[in-house]
Every structure is written in C-alpha cells, then in structure tokens.
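Using the working numbering, you'd call the opening residue of the sequence shown number 574 and step up by one each time.
Beta carbons: idealized from backbone N, C-alpha and C, even for Gly.
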Amino acid sequence: DYAAILAEINSALARISNDLSYSKEHALKVTSMWSIINPPGNGNRAHCHPNSLWSGVYYVQAPENAGNIEFTDPRTALVMNQPKYETKKKRPRECWTKANFKPIPGRMIIFPAWLYHGVASNLSKEIGRAADRIIISFNVNQVKK
Numbered sequence: 574d575y576a577a578i579l580a581e582i583n584s585a586l587a588r589i590s591n592d593l594s595y596s597k598e599h600a601l602k603v604t605s606m607w608s609i610i611n612p613p614g615n616g617n618r619a620h621c622h623p624n625s626l627w628s629g630v631y632y633v634q635a636p637e638n639a640g641n642i643e644f645t646d647p648r649t650a651l652v653m654n655q656p657k658y659e660t661k662k663k664r665p666r667e668c669w670t671k672a673n674f675k676p677i678p679g680r681m682i683i684f685p686a687w688l689y690h691g692v693a694s695n696l697s698k699e700i701g702r703a704a705d706r707i708i709i710s711f712n713v714n715q716v717k718k
C-alpha cells in the first residue's frame, strides 16, 4: 500500500540525512513520484535526475528476467586508460565502473540523482499483466523544516 511504501522511503531518507550529517534544519523529502509499467520488450535508456539530490526506485512487481537496473560511473574520462585487474579475483567495489541490480518485489534502491542509470529490456516470459515490471520512482530534495 502507498502509505507503507512512503513510510519506508521516509525512514530511509532520515537515515541518509543522519549518516551524511545533513543540516538538522532541513529534511530530505520526496518532491516528485511516479510509476512506470514496463511490459516485455521495454526498458529505460540511461539518464540522471537533474535538480534533485537523491532518486529512488521501489519494485512493486518484477517477474524473472524483468531487466536489471544498471548504474554507470559518470566519469567518462575513466575509459581512456583503465588499469588491468586480476581476472580470477573479484574487483573491489571502489573500482567498479558499472553496477547491476536485479529487480526484486519490495526492493528499494536510493541513489545520488547525478548517477547515470538505465534499465535493461524486460525479457519476462510470463503471460499477460504478470509479465510487467512495475516500479515507483521518486526524486528527493532538502526542504527547510
């Protein structure tokens, strides 16, 4: 239900504000919110969210193979000369240039609004509306208390 999702978002925003030592005279608040329904074959091109501090996604419905969200390091100059890594070792997270997350119903991901992200095509084999990837997206800014 909407109230429960909004309560979960607000709780996470309060933790972010506290963890990052944001001004106690301001609060992080959802400033815009919308839903997206991606049926099979649909995805979302890479983009960022200008004029927001944070953005987020909450997965309402996500069938198997619904398409991962991919975050990309916006520092494009990194591709000019990248270090070579051990092929048999997992790269430290600090060295990632991309990160993918599987959509899972009930999962919420909050990320800096400047971080480029896109969503792979929904390749679900489910039938009818059960094949749709349904999300709630939102943008966040600080507001004076």
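- DSSP, read as helix, strand or coil, puts S694 in coil.
- For Y575, the secondary structure class from DSSP, reduced to helix, strand or coil, is helix.
- The straight-line gap separating the alpha-carbon atoms of S710 and T660 is approximately 36 Å.
- The C-beta of H622 has 16 or more other C-beta atoms within 10 Å across all chains shown, which makes the residue buried.
- Remark: C-beta atoms of P685 and Y632 do not approach each other more closely than 8 Å.
- For the pair R588 and A635, the CB atoms are not nearer than the 8 Å cut-off.
- Scanning the region 637-665 for uninterrupted beta strand (DSSP E) segments of 3 residues or longer gives 642-645, listed from N- to C-terminal end.
- Looking from the CA of N654, the closest CA among T670, E699, G640, E643 belongs to T670.
- In this model, S584 and Y595 are separated by some 15 Å (Cα to Cα).
- In terms of Cα proximity to E637, the closest of N712, I700, Q715, C668 is I700.
- In terms of CA proximity to C668, T645 leads the group I682, T645, I683.
- Nearest C-alpha to E581 among K718, I683, A693, S694: I683.
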